[in-house]
Structures are given as C-alpha cells and as structure tokens.
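As they're listed, the protein sequences go chains A and B. For the first sequence, position 100 matches number 100 in the numbering used here, and the numbering has no gaps at all. Count along the second sequence from 1, then add 144; that gives the number in the numbering used here. The C-beta atom is built at its ideal place from N, Cα and C for all residues, glycine as well. Working notes for the structure below.
2 protein chains.
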Amino acid sequence: MTTKKFDSYSYLLDRTARRVKGYAQQRFASGNFDITVDQWLILKSLDNDRYLKQKELAEITGKDNPTLTRIIDLLCKKGLTERVTHKEDRRSFTVHLTAAGTVKLAELSPQVDDIRMKAWQNLTEQDYEQLKTILNKIYQNLES
Amino acid sequence: MTTKKFDSYSYLLDRTARRVKGYAQQRFASGNFDITVDQWLILKSLDNDRYLKQKELAEITGKDNPTLTRIIDLLCKKGLTERVTHKEDRRSFTVHLTAAGTVKLAELSPQVDDIRMKAWQNLTEQDYEQLKTILNKIYQNLES
DNA sequence: ACTTTTTAGTTGTCATACTAATTATTAGTT
DNA sequence: AACTAATAATTAGTATGACAACTAAAAAGT
Chain A
1 MTTKKFDSYS YLLDRTARRV KGYAQQRFAS GNFDITVDQW LILKSLDNDR
51 YLKQKELAEI TGKDNPTLTR IIDLLCKKGL TERVTHKEDR RSFTVHLTAA
101 GTVKLAELSP QVDDIRMKAW QNLTEQDYEQ LKTILNKIYQ NLES
Chain B
145 MTTKKFDSYS YLLDRTARRV KGYAQQRFAS GNFDITVDQW LILKSLDNDR
195 YLKQKELAEI TGKDNPTLTR IIDLLCKKGL TERVTHKEDR RSFTVHLTAA
245 GTVKLAELSP QVDDIRMKAW QNLTEQDYEQ LKTILNKIYQ NLES
C-alpha cells in the first residue's frame, strides 16, 4: 500500500511550516518587533503606498476574511494601518499604512530577511526551485 | 539581494500546509467523521493497543503539552480515548484507545489514506523524496 | 532526611484558522 | 422601480498553537 505514506507527508509538511513560523515568531519576540509574523505579512503587502481592499489583502496573503478583519483590527490598534472608506463601494474599506506603519516596515525589513534566511541555509539553489515547484503542484491539486 | 525571496518561500510553505490540512478537514466534515485532522493524528498514534504518556504523544505528534491536553480532552469527551493513571508515575496518565476509538480508527483509516492521497497526485516518486529531504533539512536548520 | 530542581500535566491568555450566520450595500433580473 | 442574488466586512463559535504560570509529584544534590 503506497497510500499510507501520504498521511505522514502531510504531517511532515505541517510540522515544518509550524517550525518555520514559530522560529520567526520567536525572533520577532526577542527583537521586540511588537508584531506577529502574520501581521508582518500584511504590512509587507501594503508597501509602496498601496490602498488595498480587505478582500484583495485576503487574496494576496492567502487568509480568509474573518482572519483578515482581526489582523487589521490589531494593526489599526497598534497604529500601523488605517481603514479608509472606499469611495465607490461603501461596503469596502481600503487599508493603508500609517506613517508609523511605513517606518516599522522599513525598520524591520532587513531584520526579517535575515531571520527568514536561517530556515533555508544549506539548501541549494536547486532545492529552492524544487521545493517551490512541488509546493505549487500540491496547492493546485487541492484547488477548488 | 537573494535574501528577499526567503520571506516568500516561508509564505508559500505556510499557505500550502494550511491548504493540505484544510482540504482534509473539509473532507472529514463532509464525511461526518466527527473528528478533526489533529485528533485523527492522535488516534493513529495510539494504534496497536498502545498506552502512551501525553508527553510521548506530544513528542510523536509534534505538539506541545497544552495543545495535547486539549485534544485529549476532546477525544475523551467523544469517548474515543481514555486516560489511565500511570502505575509508577503518579504525575502521568497514559492515553489509550477505547473500543469505540479502535472502531473509529479502523473505519476511517482507508478513507483518510484516500483523502490524503489527493494532495500528492501528479507528483513523482522523486518529488516525494526531494520534498521529504528538503523539509527535513529546513526543520533541522531551526532545531534549537 | 531535607532541600532543590525537574518533570508531567493543567489552566489561562492571546493570535490564528475555519465555518456559519448577519448586516449593509451593490449588481442583476424581471 | 421592485425584487432577488451576490458581495464586503463583521461577529460568533470552536479548534489549534504558542507562551507563561501553576500544581503535584518525582529525581537529584547535599
């Protein structure tokens, strides 16, 4: 039975993703970054003075709407983003970096790059490419 | 700067892992399995009439103690596992499948294998091996 | 034997994920 | 125009995940 192993692959994938995120989160905490890894992902998506609807942010970051709402809530409470009412669609907000958010993004960017690198050391250029290809194949296999 | 891309690799890994787990969870729900994917992982670890301490279960499943406690709570409430007081160490419980748990495990096993397979279709034998190797390298890179 | 340190498990808090249900608004249909 | 369907965002509920603090018991050190 070759199907048995897939359960353990799923476990391996889950475990590794958690470790990667957890490691980054620890470094975020010990560096007093004052944001979470997921909040960072949002900030980064709002770079270059972008005004994005939450719907678009959810798409970009691969998170669902309720999760987005709560992360934006937290970022607004920290004063790093702001909700701006959308002119043409009163159902929507656009989210935008505040001045403080822009500063935070610029400050942390090099440090985050550095932290992220740690997970991928000892991997060859080919490893990156293969991993990317395989993960995308898996993702597409489950596309609804 | 080659360091930039690592942030997006981390994102890709996280996104894929969530998709794999989410897909399985949806199939669990639509099949009325009445357990979550994480609870399944515990049941499977208790196969073959094993009595495991929560500490050992945590180790095997890669979860921390509080998470384990809560998952076991739920499994016990569903009547699928039971806590047995440890004879030599009164701090510990051993966790064990009930009769109902054994039945559940046997019933779901082939279906879970089938569900899990879906994510990995179109991947070659070589892909599996590479993925496994790369994920393990990443995991070890972050070993404390 | 007594004290200190470790260890197993629990509880509490916060953040993330997923689902379902709700509200307000827009788009589509007749 | 009126009615219906679809959409953006929120809220509520449950589960997982990480961390800290706590209890009880065992192990180690003196």
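Could you work out which residue in the options is closest to residue i when comparing CA atoms only?
i               : options                        : result
L187 of chain B : B:R260, B:D151, B:G245         : B:G245
K199 of chain B : B:N209, B:A161, B:D191         : B:N209
D258 of chain B : B:Y167, B:R235, B:G223, B:A161 : B:Y167
G79 of chain A  : A:R15, A:K5, A:Q130, A:D34     : A:D34
L57 of chain A  : A:S92, A:V103, A:L108          : A:S92
N192 of chain B : B:R260, B:K276, B:Q255, B:V247 : B:V247
V112 of chain A : A:D14, A:G31, A:L123           : A:G31
Is it the case that the Cβ atoms of residue i and residue j are separated by a distance below 7 Å?
i               : j               : result
Q121 of chain A : N285 of chain B : yes
Q26 of chain A  : I71 of chain A  : no
V239 of chain B : L185 of chain B : no
L105 of chain A : T81 of chain A  : no
V164 of chain B : A243 of chain B : no
S189 of chain B : T205 of chain B : yes
D127 of chain A : I278 of chain B : yes
Residues of chain B with a CB under 7 Å from the CB of residue i: which are they?
i               : result
G101 of chain A : Ordered by position in chain B, no residue passes the 7 Å Cβ test against G101 of chain A, which lies about 17 Å from the chain.
K137 of chain A : N266, L267
G62 of chain A  : R159
Find the residues of chain A that neighbour residue i, judging by a C-beta separation of less than 7 Å, and give them in chain order.
i               : result
F177 of chain B : The contacting residues do not exist; F177 of chain B stays about 14 Å from chain A at best.
D271 of chain B : I134
Using a C-beta to C-beta distance shorter than 9 Å, which residues of chain B count as neighbours of residue i?
i               : result
K118 of chain A : F150, N285, L286
Which one or two residues does DSSP pair with residue i in a beta bridge?
i               : result
T16 of chain A  : Beta-bridge pairing links T16 of chain A to no other residue.
R227 of chain B : B:V239
Check the Cβ of residue i against every Cβ in chain B and list those closer than 8 Å, keeping chain order.
i               : result
K21 of chain A  : S154, D158
K132 of chain A : Y153, L156
Starting from residue i, find everything on chain A with Cβ-Cβ shorter than 8 Å and list it in chain order.
i               : result
L185 of chain B : Y11
A168 of chain B : S10
Check: Which whole runs of the alpha helix (DSSP H) in the region 195-221 of chain B are 4 residues long or more, in chain order?
Finding: 198-205, 209-221
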